[in-house]
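Before any comments, here is the structure.
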Amino acid sequence: MTQIQTSAHQRVLFFDQIKAVMIALVVVVHVTLLFLPGGAFMGLSFAGRIQPGWLTGFDFAIVELSNTFFMCMLFLISGYFVPRSVAKKGVADYFKSRLRRIGIPFLFGLLVINNLSYLVSQWFQTGLLRGIPLADYPLNHLGVLWFLVVLFGFDLLYCGWVKICGGCFRIDDTIPPPGLFPWLVSAGILAVIEVLMAMQGNFWLKLINSPLDGLGAQGPHIFTYAFLFFLGCKSASHQWLERLDTHLVLKWFRLSIFLSLLLLGLCAVLAMNGHLKDEAIGVARLLAFMNTFIGWGVMGYLLLWFQRHQQTCGQWLATAGVDSFAVYIIHPLIVVVVMGLISLTEWPNFSALVLGGVASVIVSFGLSHQLREVPFLGRAI
7 MTQIQTSAHQ RVLFFDQIKA VMIALVVVVH VTLLFLPGGA FMGLSFAGRI QPGWLTGFDF
67 AIVELSNTFF MCMLFLISGY FVPRSVAKKG VADYFKSRLR RIGIPFLFGL LVINNLSYLV
127 SQWFQTGLLR GIPLADYPLN HLGVLWFLVV LFGFDLLYCG WVKICGGCFR IDDTIPPPGL
187 FPWLVSAGIL AVIEVLMAMQ GNFWLKLINS PLDGLGAQGP HIFTYAFLFF LGCKSASHQW
247 LERLDTHLVL KWFRLSIFLS LLLLGLCAVL AMNGHLKDEA IGVARLLAFM NTFIGWGVMG
307 YLLLWFQRHQ QTCGQWLATA GVDSFAVYII HPLIVVVVMG LISLTEWPNF SALVLGGVAS
367 VIVSFGLSHQ LREVPFLGRA I
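7 is the number of the first residue of the sequence shown in our numbering; add one for each residue after it.
Have a look at this one:
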């Protein structure tokens, strides 16, 4: 087994670097949603534009493949830092700090960013709510803020466990990371759960059409997110994320690449033959089963790669990771403005996708960094 160990300072550095990349990918995926058949984001859609079938398949694959790991990684990293924080502050103070840290941005995102995004989207021809009375707008909808709600729920569960069971955080690195068999068993069990959850389509559709729309979109993955959050909590006690088995990580990553290429090819063939929309449910269920097998290989490789290259990536990327929480809150409005302006041009869809994704990421991170420089905003976000 090849193990990589890092100091406390380095751990924070590469974790923040990964967070920056994951949040940037979140922004890109939300831009990509605009180009899918029937796709939209915050009241904006490019779905009416004509585009080649291969691009539709590519867009669908990017969204679905990214969803196998980017939110999973964020829950894993979030869970990793919880036990140490609870031990340092105590359950009561930690709960108060999390209520402030998550609650204030949540209210700002819900009442200001999300509502403003829907209103601004109607300034552009690609807005889906043009001509609809204001009373019928989907105001105060959860949207991307589902992540904060679920994360806070997991925090509560951990704090409750510590309060009831009296758990005490201490580092014991004598216990080795799980081997191949436990990972296969857990991935297989969660794969079955993902499929069963995905089959409850009517329930999730009702949530998607309600103010809890974000939970409806991500609800089928809730048990996987819970597993990874509490795995992160457990890993903190044994430094498992710093002691990765390189051979196992690379082997699983190869499996992830193989499965991803299969899915990409399937989506491309269906899209070019005009059947992707008709077969979307079947493809989604297939992906639900493959979700953990693809995602965990990518997650392991990202952890391994950033541990080895954290100094090369530099402090600037880690700083972007610190800013990433604010990026997550404000990016819906940035995406709407950037893509709305691009919709005024005659750029082909592929150019609009690439330029819109890059511009949305740059503007979101740049603006969030400036906002965090304001003292009272910096404490809140």
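The C-beta atom is built at its ideal place from N, Cα and C for all residues, glycine as well.
Closest Cα partner of residue i within the set the options
i, options, result
"Pro226", "Pro338, Asn297, Tyr164 and Asp251", "Asn297"
"Leu134", "Gly44, Cys78, Phe209 and Pro188", "Gly44"
"Ser243", "Phe295, Leu61 and Tyr86", "Tyr86"
"Pro338", "Arg314, Val369 and Ile83", "Val369"
"Val88", "Leu116, Gly159 and Ala30", "Gly159"
"Leu82", "Asp22, Glu200 and Leu186", "Asp22"
"Ala141", "Ala197, Asn121, Lys102 and Arg90", "Asn121"
"Met203", "Val92, Leu292, Leu42 and Ala67", "Leu292"
"Glu248", "Trp311, Phe209 and Ile195", "Trp311"
"Ile336", "Thr318, Pro354, Phe371 and Val328", "Phe371"
"Val6", "Met205, Glu285 and Val344", "Residue 6 lies beyond the residue range present for the chain, which begins at 7 and ends at 387; the question has no answer from this structure."
"Gln206", "His253, Ile287 and Leu256", "Ile287"
"Leu250", "Ser84, Lys94, Leu276 and Gln313", "Gln313"
"Ala365", "Ser266, Phe75 and Val33", "Val33"
"Cys239", "Glu285, Ala274, Ala93 and Leu71", "Ala93"
"Arg90", "Leu211, Ser266, Ile340 and Tyr164", "Tyr164"
"Gln57", "Thr252, Cys78 and Ala277", "Ala277"
"Thr252", "Ser241, Leu308 and Leu265", "Leu308"
"Val156", "Asn355, Cys78, Tyr143 and Ile340", "Cys78"
"Gly362", "Ile340, Leu373 and Ser84", "Ile340"
"Leu80", "Met28, Gly96, Gly59 and Trp60", "Met28"
"Leu211", "Leu113, Gln224, Leu270 and Ala332", "Gln224"
"Phe423", "Pro381, Leu265 and Leu234", "Not covered by the structure: residue 423. The range shown for the chain is 7 to 387."
"Glu285", "Leu269, Ile300 and Phe299", "Leu269"
"His375", "Pro354, Ala332, Val342 and Gly346", "Ala332"
"Val201", "Phe356, Ile228 and Phe101", "Ile228"
"Trp373", "Val360, Ile181 and Tyr334", "One point to set straight first is that residue 373 is Leu, not Trp, in the sequence displayed. Nearest option by C-alpha distance: Tyr334."
"Val342", "Ile119, Gly137 and Ile199", "Ile119"
"Ala274", "Gly59, Leu237 and Ser241", "Gly59"
"Thr230", "Ser84, Leu256 and Ile199", "Ile199"
Buried or exposed (CB count within 10 angstroms, at least 16 for buried), residue i
i, result
"Arg104", "buried"
"Ala98", "exposed"
"Lys169", "exposed"
"Gly54", "exposed"
"Leu31", "buried"
"Trp129", "exposed"
"Trp189", "buried"
"Asn73", "buried"
"His36", "buried"
"Gly194", "exposed"
"Pro139", "exposed"
"Glu352", "exposed"
"Phe209", "exposed"
"Phe187", "exposed"
"Cys171", "exposed"
"Gln9", "For Gln9, the pLDDT reaches just 47, beneath the cut-off of 50, and the residue's location in the model is therefore unreliable, although a value from the coordinates is still provided. Gln9 comes out exposed."
"Ser13", "Here Ser13 scores only 46 on pLDDT, less than 50, and its place in the model is too uncertain to base an answer on."
"Ser216", "exposed"
"Gly320", "exposed"
"Pro183", "buried"
"Val191", "exposed"
"Gly185", "exposed"
"Leu113", "exposed"
"Gln11", "With a pLDDT of only 46 at Gln11, under 50, the local geometry of the prediction cannot be trusted, and the value read off the model is given with reservation. Answer is exposed; the Cβ neighbour count stays below 16."
"Thr318", "exposed"
"Gly346", "buried"
"Val367", "buried"
Nearest-angstrom Cβ-Cβ length linking residue i and residue j, presumed shorter than 8 Å
i, j, result
"Tyr124", "Gly220", "The Cβ separation is near 14 Å, so there is no contact."
"Thr132", "Ser349", "4 Å"
"Ala232", "Phe295", "Their Cβ separation, rounded to whole angstroms, is 18 Å, which puts Ala232 and Phe295 out of contact at 8 Å."
"Leu261", "Val289", "Rounded, the Cβ-Cβ distance is 19 Å, inconsistent with contact."
"Leu151", "Leu116", "6 Å"
"Leu218", "Leu267", "Not confirmed; about 35 Å, so no contact."
"Leu71", "Ile300", "7 Å"
Contacting residues, own chain, Cβ-Cβ under 7 Å from residue i (five flanking each side not counted)
i, result
"Glu379", "none"
"Trp258", "Trp302, Gly303 and Gly306"
"Leu145", "Asn121 and Tyr124"
"Ala26", "Leu323, Ala326, Gly327 and Ser330"
"Gln316", "Gln16, Leu19, Phe20 and Gln23"
"Pro381", "none"
"Gly137", "none"
Same chain only: Cβ atoms within 6 Å of residue i, ignoring 5 sequence neighbours per side
i, result
"Ile108", "Leu154 and Phe158"
"Leu213", "Leu221 and Gly222"
"Ala358", "Ile348"
"Asp161", "Arg104"
Own chain partners of residue i with C-beta closer than 8 Å, once the 5 adjacent residues on each side are dropped
i, result
"Leu42", "Ala53, Thr62, Asp65, Phe66 and Val69"
Short CB-CB distance (under 7 Å) between residue i and chain B
i, result
"Leu31", "This model lacks chain B altogether; it includes just one protein chain."
(request) Decide if the region 231–246 is in contact with the region 177–184; the criterion is three or more beta carbon pairs, one per stretch, under 8 Å apart. (result) With a cut-off of 8 Å, the region 177–184 and the region 231–246 count as touching, because enough Cβ pairs lie within range.
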